[in-house]
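Enquirer: Numbering of the sequence shown is given in our numbering, commencing with residue 2 and proceeding in unit increments.
Glycine is no exception: its CB is placed at the ideal position from the N, C-alpha and C atoms.
Here it is: the structure, laid out below.
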Amino acid sequence: MAKIDPRTVASLLKEYAQRASMRGDNPYRIKAYLRAADSLTALSQPLDRIIAAGALTKIPGIGDAIADIVTKLYQTGTHPSLEKLREDVPAGVMELFAIPGLRPDKILRLHQALGVNSLAELEAAAREDRIRPVKGLGAALQTKLLQNLAIVRSGETQLHLHKAAALLEHAVISVKQEHPEFSRVEIAGDFRRGCELVSDFALVAQGRKSTGIEDTTLRLVVTDSKHFGASLLEATGSADHLEQLKRFAADKGFTLNADGLHRGRKLIA
Numbered sequence: 002m003a004k005i006d007p008r009t010v011a012s013l014l015k016e017y018a019q020r021a022s023m024r025g026d027n028p029y030r031i032k033a034y035l036r037a038a039d040s041l042t043a044l045s046q047p048l049d050r051i052i053a054a055g056a057l058t059k060i061p062g063i064g065d066a067i068a069d070i071v072t073k074l075y076q077t078g079t080h081p082s083l084e085k086l087r088e089d090v091p092a093g094v095m096e097l098f099a100i101p102g103l104r105p106d107k108i109l110r111l112h113q114a115l116g117v118n119s120l121a122e123l124e125a126a127a128r129e130d131r132i133r134p135v136k137g138l139g140a141a142l143q144t145k146l147l148q149n150l151a152i153v154r155s156g157e158t159q160l161h162l163h164k165a166a167a168l169l170e171h172a173v174i175s176v177k178q179e180h181p182e183f184s185r186v187e188i189a190g191d192f193r194r195g196c197e198l199v200s201d202f203a204l205v206a207q208g209r210k211s212t213g214i215e216d217t218t219l220r221l222v223v224t225d226s227k228h229f230g231a232s233l234l235e236a237t238g239s240a241d242h243l244e245q246l247k248r249f250a251a252d253k254g255f256t257l258n259a260d261g262l263h264r265g266r267k268l269i270a
């Protein structure tokens, strides 16, 4: 099987943790898997390079045992222990982990007692009042599920602000170590805007010229000192905010783009 991208590896490791949690495995080990999966979403270097350098254990949350699992997942797209866990519960049940506050034991109970195998089936069971009578579930859980189903996010990777802070701070250090020629590295994206949930892991670095680094889970914009402010704005602002700024600039006779603020052909700032 072809090697897979870091976000897919993170997703597989998260599935590994979730399935193990339903089996009642050591909660500290489960947390370690989940923390490592989070770390893989904000890599500052390509995963293949990290593995080749034997540097996986330098990533927050990844020790020797998890490094072995990550390497196997990256190289083959699976792991023998994960395949064994998959025999116990259908893939659709993993959707239920998207519900805030729904514990693994409750997910397993919903599956075993009611045959719930997806979010759609969970919603149907809640609306049809089939969860309330089940021992170990009850009316309170049914009400909470109906409320939380409305706020279930898409499959996009999102981390709470405090988790994202630790990963992005590590990413800044890693980028500076990997690229000592960068005179400045700043966090951008959702985190810089103070969003509670962060999905856009972005940094802006100042180098001699504008360029880019690909094949990482981190969006790294490299720009020169003249365009640093514009690049930081572009990498931080939401699409709607940037569009409003561009319209505002146009109303004042300017043109705002990723390169800076212009009046005609002249770069103003």
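Flag this pair as yes or no: are the beta carbons of N118 and G93 separated by less than 8 Å?
Expert: As a first step, residue 118 must be located in the sequence shown, where it is residue number 117. As a first step, residue 93 must be located in the sequence shown, where it is residue number 92. Cβ distance < 8 Å, so N118 and G93 count as in contact.
Enquirer: List, from N- to C-terminal side, the alpha helix (DSSP H) runs of 4 residues or more that fit wholly inside the segment 97-170.
Expert: Whole alpha helix (DSSP H) segments, 4+ residues: 105-115, 120-128 and 139-150.
Enquirer: Give every residue of the same chain whose Cβ lies closer than 7 Å to the Cβ of S226, excluding the five residues on either side of it in the sequence, and list them in chain order.
Expert: Along the sequence shown, read from residue 1 onward, the residue named residue 226 stands at position 225. The answer, listed in chain order, is Q207.
Enquirer: Near D260, which residues of its chain fall below 7 Å by C-beta distance, leaving aside the five closest residues on each side in sequence?
Expert: As a first step, residue 260 must be located in the sequence shown, where it is residue number 259. So the qualifying residues of the chain are H228 and A231.
Enquirer: One question on the structure: do G62 and R36 come within less than 8 Å of each other, judged by their Cβ atoms?
Expert: Sequence index remark: in the sequence shown, residue 62 carries index 61 (1-based). Sequence index remark: in the sequence shown, residue 36 carries index 35 (1-based). It is a contact, given that the beta carbons lie within the stated cut-off.
Enquirer: Find the nearest neighbour of G190 within the set V205, A18, K15 and R266, judged by alpha-carbon distance.
Expert: On the sequence shown, residue 190 is found 189 positions in, with the first residue counted as 1. Ranking V205, A18, K15 and R266 by Cα distance to G190 puts V205 first.
Enquirer: Please state whether the Cβ-Cβ distance between A293 and Q113 is less than 8 Å.
Expert: Outside the displayed span of the chain (2 to 270) sits residue 293, for which this structure offers no information.
Enquirer: Could you compute how far the alpha carbon of G195 sits from the alpha carbon of I52?
Expert: Within the sequence shown, the letter at position 194 stands for residue 195. Within the sequence shown, the letter at position 51 stands for residue 52. Computed Cα separation, rounded: 32 Å.
Enquirer: Which stretch, first to last residue, makes up the beta strand (DSSP E) that contains G208?
Expert: For the purposes of this step, residue 208 is taken as residue 207 along the sequence shown, with counting starting at 1. Note, G208: premise wrong, no beta strand (DSSP E); not H, not E.
Enquirer: Residues in its own chain within less than 8 Å of T72 by CB, not counting five upstream and five downstream?
Expert: Against the sequence shown, residue 72 aligns to sequence position 71. Taken in chain order, the residues that qualify are I52 and L57.
Enquirer: In the DSSP assignment, find the alpha helix (DSSP H) that holds E84 and state where it starts and stops.
Expert: For the purposes of this step, residue 84 is taken as the residue at position 83 of the sequence shown. Run containing E84: P81 to R87, per the alpha helix (DSSP H) assignment.
Enquirer: Between which two residues does the alpha helix (DSSP H) carrying V10 extend?
Expert: What you label residue 10 is simply residue 9 of the sequence shown in a count that begins at 1. Here the alpha helix (DSSP H) through V10 covers P7 to M23.
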